[in-house]
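Protein chains in written order, with our numbering: chain V, 1 to 143; chain R, 144 to 286; chain D, 287 to 429; chain Z, 430 to 572. Worksheet: the structure to be examined is printed underneath.
There are 4 protein chains.
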Amino acid sequence: MEPQNPNYREHATAIIRKSRFAMDIGLVLDDLGPGWCETHIDILPKHMQQDGYIHAGVQATLADHTAGGATGTLVPEGYLVLSAEFKINFLRPAVGERLRCRATVLKAGKTLSVAESEVYAVRDGAEKLVAKATVTLAPVRGR
Amino acid sequence: MEPQNPNYREHATAIIRKSRFAMDIGLVLDDLGPGWCETHIDILPKHMQQDGYIHAGVQATLADHTAGGATGTLVPEGYLVLSAEFKINFLRPAVGERLRCRATVLKAGKTLSVAESEVYAVRDGAEKLVAKATVTLAPVRGR
Amino acid sequence: MEPQNPNYREHATAIIRKSRFAMDIGLVLDDLGPGWCETHIDILPKHMQQDGYIHAGVQATLADHTAGGATGTLVPEGYLVLSAEFKINFLRPAVGERLRCRATVLKAGKTLSVAESEVYAVRDGAEKLVAKATVTLAPVRGR
Amino acid sequence: MEPQNPNYREHATAIIRKSRFAMDIGLVLDDLGPGWCETHIDILPKHMQQDGYIHAGVQATLADHTAGGATGTLVPEGYLVLSAEFKINFLRPAVGERLRCRATVLKAGKTLSVAESEVYAVRDGAEKLVAKATVTLAPVRGR
Chain V
1 MEPQNPNYRE HATAIIRKSR FAMDIGLVLD DLGPGWCETH IDILPKHMQQ DGYIHAGVQA
61 TLADHTAGGA TGTLVPEGYL VLSAEFKINF LRPAVGERLR CRATVLKAGK TLSVAESEVY
121 AVRDGAEKLV AKATVTLAPV RGR
Chain R
144 MEPQNPNYRE HATAIIRKSR FAMDIGLVLD DLGPGWCETH IDILPKHMQQ DGYIHAGVQA
204 TLADHTAGGA TGTLVPEGYL VLSAEFKINF LRPAVGERLR CRATVLKAGK TLSVAESEVY
264 AVRDGAEKLV AKATVTLAPV RGR
Chain D
287 MEPQNPNYRE HATAIIRKSR FAMDIGLVLD DLGPGWCETH IDILPKHMQQ DGYIHAGVQA
347 TLADHTAGGA TGTLVPEGYL VLSAEFKINF LRPAVGERLR CRATVLKAGK TLSVAESEVY
407 AVRDGAEKLV AKATVTLAPV RGR
Chain Z
430 MEPQNPNYRE HATAIIRKSR FAMDIGLVLD DLGPGWCETH IDILPKHMQQ DGYIHAGVQA
490 TLADHTAGGA TGTLVPEGYL VLSAEFKINF LRPAVGERLR CRATVLKAGK TLSVAESEVY
550 AVRDGAEKLV AKATVTLAPV RGR
């Protein structure tokens with residue numbers, strides 16, 4: 001997959017970091033390249049749902065936002081990346097001290113792109129796949 | 144739809160309110176009854192993504208959590224409600240001062256329930272449907 | 287919802303009827319109007335899966351194709367309607383002599399439309415909702 | 430992934446082959462093993478939609494049914510595998526002389542399993558990924 005924007009790294013980094021909500025929940029960019037992005041969240045009590053597991057919404061936000069970063073590496077300069085829809089399966093209750101996410105672009109199109117995000121929970125150093133998402137994104141020319 | 148738990152109201156209310164993450168993002172329970180639940184979030188700058196829209200993750204968390212509340216009205220006493228998967232479509236960029244959500248249960252089953260959540264953005268008093276989700280939930284006996 | 291094509295009825299009817307696969311599985315157009323479409327399939331032994339239920343693929347094809355018909359009523363003349371993705375929940379095992387489907391457009395956009403399809407199984411004259419789908423479609427200018 | 434049924438190969442093969450609808454559309458089992466299954470369909474005019482592409486319903490049926498075969502290798506003897514829901518993204522218009530599918534189980538659980546299916550179109554000997562699905566299946570004890 002070939003970036004169309006020579007500054008794709010800065011562009012995708014800004015997509016990840018300029019989101020207030022992603023910052024508010026503690027999302028950290030680890031690395032990115034053409035068609036992929038890696039992030040994590042260090043888990044705090046505020047990320048939990050009512051039964052002591054990491055909330056589905058935290059996992060979904062991480063999966064969606066990281067897919068946006070991955071797709072952002074492949075859009076032309078000046079383009080936004082908006083989520084059109086996503087689907088996420090929660091494979092097991094998520095517990096641990098960190099959530100890690102890797103998103104990869106399956107198809108980069110002019111009007112639609114599709115990315116997949118895998119979410120791993122890290123507990124005592126061991127990783128388990130806890131969620132997998134498919135995200136459809138629309139590249140949109142910014143104003 | 145018939146509640147199996149005479150204390151269904153308290154049970155579902157606890158599902159909504161005892162979630163740290165839902166509280167952290169400002170989710171408020173408005174009302175609930177057998178097979179439905181209504182909630183809202185008053186939008187703050189922290190809920191935004193990088194382009195000035197309400198983050199997909201905020202909408203997804205609201206849709207997922209409200210579906211949990213709706214499903215929680217129909218499970219037996221002592222049962223948790225865990226999200227197995229969900230899918231959400233973002234119909235238009237979300238802007239406004241409030242997100243409102245109504246979830247209704249489509250099917251309440253022993254091992255799987257399915258609920259739908261509609262998310263509306265309220266702007267200057269007018270409402271627009273901005274997202275719609277389908278959520279599959281698994282009732283699980285608590286320990 | 288306002289049709290942009292004065293011949294929307296003929297256009298959407300052709301979308302439904304010119305599909306070889308839809309015809310092969312016995313899909314029948316019942317009626318359509320701006321933003322909606324109704325169809326059915328009379329169930330034959332060939333529609334079954336291995337346990338005596340109507341195959342998920344039959345339900346999915348009906349849901350997808352009827353959503354295409356509903357969306358086809360709202361696109362400009364000369365536009366195709368291609369499915370970008372869909373998600374379908376099977377609410378209960380489907381049995382009966384007929385499957386009936388109603389699709390309605392949730393959002394009609396220039397590059398993306400979203401429709402919902404409800405699939406009912408008719409058995410001894412009584413109807414049950416057996417599946418519900420959300421379909422994202424892309425209007426594309428035909429050659 | 431460890432089969433619980435010593436006759437898992439026969440059991441999963443029967444899931445694939447005893448489906449009337451899968452046979453009707455020409456689905457052929459190529460191979461299977463613990464947690465995976467491969468199939469194909471040789472494309473005929475009857476598989477087309479209205480614009481000359483392979484119908485989304487054909488791709489969806491192939492993805493769903495092959496996921497059932499993959500999951501069937503991991504269930505106990507006497508268990509059915511019913512699709513609870515699936516989501517499929519169509520990455521590009523599907524054309525060619527054959528559709529090939531590989532499904533792999535992401536998570537095998539007692540009440541829910543999750544599998545992924547990749548659908549490739551083969552045209553003039555070259556393969557392209559045309560669709561990807563995530564399928565949630567419920568193992569159910571047969572009568």
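Where is the CB? At the ideal position from N, CA and C, for every residue including glycine. Model, not experiment: these values are computed from the prediction.
At what residues does the alpha helix (DSSP H) containing residue i begin and finish?
| i | result |
| --- | --- |
| residue 160 of chain R | 151-160 |
Expressed to the nearest angstrom, what Euclidean distance is found between the alpha-carbon atoms of residue i and residue j?
| i | j | result |
| --- | --- | --- |
| residue 136 of chain V | residue 112 of chain V | 7 Å |
| residue 535 of chain Z | residue 476 of chain Z | 29 Å |
| residue 236 of chain R | residue 203 of chain R | 13 Å |
| residue 99 of chain V | residue 327 of chain D | 46 Å |
| residue 163 of chain R | residue 549 of chain Z | 43 Å |
| residue 227 of chain R | residue 165 of chain R | 18 Å |
| residue 246 of chain R | residue 268 of chain R | 21 Å |
| residue 240 of chain R | residue 343 of chain D | 42 Å |
| residue 400 of chain D | residue 454 of chain Z | 28 Å |
| residue 552 of chain Z | residue 361 of chain D | 31 Å |
| residue 431 of chain Z | residue 539 of chain Z | 13 Å |
| residue 520 of chain Z | residue 286 of chain R | 43 Å |
| residue 232 of chain R | residue 372 of chain D | 10 Å |
| residue 63 of chain V | residue 18 of chain V | 17 Å |
| residue 494 of chain Z | residue 195 of chain R | 42 Å |
| residue 139 of chain V | residue 261 of chain R | 24 Å |
| residue 618 of chain Z | residue 27 of chain V | An answer regarding residue 618 of chain Z cannot be provided, because it is not within the stretch 430 to 572 covered by chain Z. |
| residue 427 of chain D | residue 524 of chain Z | 18 Å |
| residue 50 of chain V | residue 44 of chain V | 14 Å |
| residue 545 of chain Z | residue 537 of chain Z | 12 Å |
| residue 556 of chain Z | residue 530 of chain Z | 11 Å |
| residue 156 of chain R | residue 341 of chain D | 38 Å |
| residue 445 of chain Z | residue 302 of chain D | 29 Å |
Counting contacts by CB-CB distance shorter than 8 Å, is residue i in contact with chain V?
| i | result |
| --- | --- |
| residue 561 of chain Z | yes |
| residue 521 of chain Z | yes |
| residue 368 of chain D | no |
| residue 154 of chain R | no |
| residue 424 of chain D | yes |
| residue 183 of chain R | no |
| residue 186 of chain R | no |
| residue 539 of chain Z | no |
| residue 192 of chain R | yes |
| residue 246 of chain R | no |
| residue 157 of chain R | yes |
| residue 207 of chain R | yes |
So the beta strand (DSSP E) residue i belongs to, where does it begin and stop?
| i | result |
| --- | --- |
| residue 20 of chain V | It is not in any beta strand (DSSP E) - residue 20 of chain V instead sits in the alpha helix (DSSP H) that spans 20-24. |
| residue 547 of chain Z | 542-552 |
| residue 3 of chain V | Looking at the DSSP string, residue 3 of chain V is not in any beta strand (DSSP E), and its letter there is neither H nor E. |
| residue 284 of chain R | 269-284 |
Compare the C-beta of residue i against all C-beta atoms of chain R and say whether one is closer than 8 Å.
| i | result |
| --- | --- |
| residue 57 of chain V | yes |
| residue 73 of chain V | no |
| residue 408 of chain D | no |
Shorter than 8 Å from the beta carbon of residue i to some beta carbon of chain Z?
| i | result |
| --- | --- |
| residue 228 of chain R | yes |
| residue 306 of chain D | yes |
| residue 89 of chain V | yes |
| residue 114 of chain V | yes |
| residue 347 of chain D | yes |
Kindly say whether residue i, judged by its beta-carbon, lies nearer than 8 Å to any beta-carbon of chain D.
| i | result |
| --- | --- |
| residue 250 of chain R | yes |
| residue 475 of chain Z | yes |
| residue 238 of chain R | no |
| residue 453 of chain Z | yes |
Given 7 Å as the limit, tell me if residue i has its C-beta closer than that to any heavy atom belonging to the ligand FAD.
| i | result |
| --- | --- |
| residue 399 of chain D | Absent from the structure shown: the ligand FAD. Ligands present: none. |
Task: At least 3 beta-carbon pairs within less than 8 Å: the stretch 317-333 of chain D vs the stretch 342-362 of chain D - done: Output reads yes: the stretch 342-362 of chain D touches the stretch 317-333 of chain D.
Open item on the list: Below 8 Å, how does it come out for the stretch 147-160 of chain R and the stretch 131-143 of chain V: are there three or more Cβ pairs, yes or no?
Closed with: At 8 Å Cβ cutoff, the stretches do not touch.
Task: Ordered list of alpha helix (DSSP H) runs contained in the stretch 174-240 of chain R, each at least 4 residues - done: Secondary structure in the stretch 174-240 of chain R: the alpha helix (DSSP H) runs of 4 residues or longer, each lying completely within the stretch, are 199-215 in chain order.
Task: Cβ contact (3+ pairs, closer than 8 Å) linking the stretch 448-461 of chain Z and the stretch 506-522 of chain Z - done: The stretch 448-461 of chain Z vs the stretch 506-522 of chain Z: no contact.
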